[in-house]
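To keep things clear, I will list the structure first and then write my remarks on it.
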Amino acid sequence: MKKVIIFDLDGTLLDTLDDLRNAVNFGLSEMGYPLRTREQVRKDIGNGVSKLIERSVPRETSKEDYEKCLWEFKKSYIQNYDVNTKAYKGCFELVKKLKDEGYIVTVATNKLIDIAKMLLEHHYPGLFTYIQGDAEGVKKKPDRNMIDNIVSHYNVDRSEVLYIGDTNVDEETALNSEVDYALVTYGYRTIEEVKNSCRCTNLLDTPEDIYNFIKSN
């Protein structure tokens, strides 16, 4: 039986794409670089904001200009991180139901930790008491560091943990961490992209599917 449910954030609990795209394009415009489409940003999300900007700037960009663009992105995103962001339909009810039933619900995200906490308190108030995010001394997913911290914090066996994400980064994280996992199909990857980039057979289409999968494991 699972005791701890670890959720990815972007593309699993929250649709943050439009706010991320706007911040990416703010940084690019400040540098005079070509802007990115929503579709391009969608495909680039998954390894944290540093990697997102690395994938967004022109290939010949110098390290110094990359750092400037990243700074401009962060400046914009910190001010506008919750303009268009919304919880995926049914996910608040899912998390609340799991918590009410005694499951420990946590988050492991490559998003900046302070922004992650503020977003979760807004869209999932009072539901998550332990959140792992991008912070000093914490390695980003797919490194196992975040999952290890959660496992250690709650002193549970890895067989009692289930990780829920939406991309190949989440699959790699779960495999590196030696925990069971499933991937949702409503997030930042299409079903075809998930099937092509992941070996996961536990593909879940809705929050109801997530709940049923948890109860069956």
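Residue 219 in the working numbering sits at position 166 of the sequence shown, with consecutive numbering throughout. Positions of the beta carbon are idealized from the N, C-alpha and C atoms, including for glycine. None of the values given here were measured: they were computed from a predicted structure.
Alpha-carbon spacing of residue i relative to residue j, whole angstroms
| i | j | result |
| --- | --- | --- |
| asparagine 215 | phenylalanine 266 | Going by the sequence as given, residue 215 is leucine instead of asparagine. Going by the C-alpha atoms only, they are around 10 Å apart. |
| leucine 105 | glutamate 125 | 13 Å |
| tyrosine 264 | isoleucine 157 | 14 Å |
| glycine 186 | arginine 211 | 20 Å |
| glutamate 120 | asparagine 202 | 29 Å |
| methionine 171 | isoleucine 131 | 11 Å |
| glutamate 225 | serine 82 | 33 Å |
| valine 209 | lysine 56 | 8 Å |
| aspartate 118 | methionine 84 | 8 Å |
| arginine 197 | arginine 95 | 24 Å |
| threonine 259 | aspartate 97 | 23 Å |
| aspartate 219 | glycine 190 | 25 Å |
| leucine 123 | alanine 76 | 10 Å |
| isoleucine 270 | glutamate 246 | Note that residue 270 is asparagine in the sequence shown here, rather than isoleucine. So the two alpha carbons sit approximately 26 Å from each other. |
| isoleucine 217 | aspartate 167 | 21 Å |
Three-way DSSP call (helix, strand, coil) for residue i in this model
| i | result |
| --- | --- |
| valine 191 | coil |
| glycine 80 | helix |
| serine 115 | coil |
| aspartate 210 | coil |
| cysteine 122 | helix |
| lysine 55 | coil |
| serine 205 | helix |
| leucine 88 | coil |
| isoleucine 98 | coil |
| aspartate 262 | helix |
| asparagine 198 | helix |
| glutamate 225 | helix |
| arginine 74 | helix |
| serine 269 | coil |
| glutamate 107 | helix |
| leucine 231 | Checking the sequence shown, residue 231 turns out to be glutamate, not leucine. Correct three-state label for glutamate 231: coil. |
Per DSSP, cross-strand counterpart(s) of residue i
| i | result |
| --- | --- |
| leucine 256 | Leu236 |
| aspartate 68 | Lys139 |
| phenylalanine 60 | Val160, Ile217 |
Identity of the residue in the options nearest residue i by Cα
| i | options | result |
| --- | --- | --- |
| threonine 162 | Tyr183, Glu113, Val57 | Tyr183 |
| valine 136 | Ser109, Gly179, Glu245, Thr69 | Thr69 |
| lysine 127 | Ala140, Leu256, Val102, Gly190 | Val102 |
| valine 148 | Leu67, Gly240, Ile200, Ile244 | Leu67 |
| asparagine 255 | Tyr234, Ile59, Gly155, Gly190 | Tyr234 |
| histidine 176 | Val237, Leu62, Ile58 | Leu62 |
| aspartate 223 | Glu174, Ile200, Ala169, Lys152 | Ile200 |
| arginine 252 | Leu165, Tyr86, Leu228 | Leu228 |
| serine 129 | Asp262, Ala188, Arg74 | Arg74 |
| arginine 112 | Gly99, Pro87, Asn133 | Pro87 |
| glutamate 261 | Lys142, Ile168, Lys194, Glu107 | Lys142 |
| valine 110 | Asn78, Asn133, Asn100 | Asn78 |
| tyrosine 239 | Ile58, Gly64, Met54 | Gly64 |
| asparagine 133 | Phe60, Asp71, Tyr207 | Asp71 |
Ordered list of alpha helix (DSSP H) runs contained in the stretch 130 to 186, each at least 4 residues: Look at the stretch 130 to 186 and you find these whole runs of alpha helix (DSSP H), each 4 residues long or longer: 144 to 153, 166 to 176.
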